[in-house]
Amino acid sequence: MVKIGVLISGGGTNLQAVIDGCENKSINGEVRVVISNKENAYGLERARNHNIKAICEKDEDKIIEVLKENEIELVILAGYLKIVSPKLVNEYRNKIINIHPSLIPAFCGKGYYGEKVHQGVIDYGAKVTGATVHFVDEGADTGPIIMQKTVEVKQDDDTKKLAKRVLEVEHEILTKSISMFCENKLTVNGRRVYIND
58 MVKIGVLISG GGTNLQAVID GCENKSINGE VRVVISNKEN AYGLERARNH NIKAICEKDE
118 DKIIEVLKEN EIELVILAGY LKIVSPKLVN EYRNKIINIH PSLIPAFCGK GYYGEKVHQG
178 VIDYGAKVTG ATVHFVDEGA DTGPIIMQKT VEVKQDDDTK KLAKRVLEVE HEILTKSISM
238 FCENKLTVNG RRVYIND
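Structure follows, in structure tokens:
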């Protein structure tokens, strides 16, 4: 069973999807610790409701310490609104997974997070958007892609309607990607991630 640490900044709906996946055994893992860089993040409450250690910590050296103390083997960024340092990336090379609410490389990188992503999609007039799960490297949303799934942009979409449909896809592909990682089915070769049967 893979020991998982989750970094969050907000409500934690993706965190909830991961916790549910571990509890219903669709993910062969266990969320050991949830760390937020914001004290009032509801995701901390979600963790406590499942008897998972929940910590508010902004200092990355201390975050690394907490991950090591809890023997974390996989780090999930689930709505973590902070670019992680090269130090953390090096400690967990190809063991940090992020979810982003667009089809990378579109509408991603610095400044593209939360509703800003969906507003960007609508303003551009894109016909499809979606979600991307990727490994984290030193850049912003530039790591090797594990999974993507598209979502149609409808004519009457506003950011809230679009975000809601994208979020459903996020939950689906994030839990699938984590499950494949835990089953040792992912191989990274340069920019490409291969899924092994």
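Quick note on numbering: the sequence shown equals residues 58 to 254 in the working numbering.
Beta carbons are placed, not taken as given, at the ideal position from N, Cα and C, and that holds for glycine.
What you are looking at is a predicted structure, and each value in this text was computed from that prediction instead of being measured.
- For residue 90, the enclosing beta strand (DSSP E) has its first and last residue at 86 to 93.
- In the same chain as residue 105, and ignoring 5 residues on each side of it, the C-beta atoms closer than 7 Å to its own belong to 111, in chain order.
- Around the beta carbon of residue 91, 16 or more other beta carbons lie within 10 angstroms, which makes this residue buried.
- For residue 167, same chain residues with a beta-carbon under 7 Å away, outside a window of 5 residues either side, are 197 in chain order.
- A Cβ-Cβ contact shorter than 8 Å links residue 172 with residue 220.
- For the 8 Å CB-CB criterion, residue 203 and residue 154 form a contact.
- Here residue 204 carries a strand assignment [DSSP, helix/strand/coil].
- Residue 210 holds the alpha-carbon nearest to the alpha-carbon of residue 177 among 152, 193, 127 and 210.
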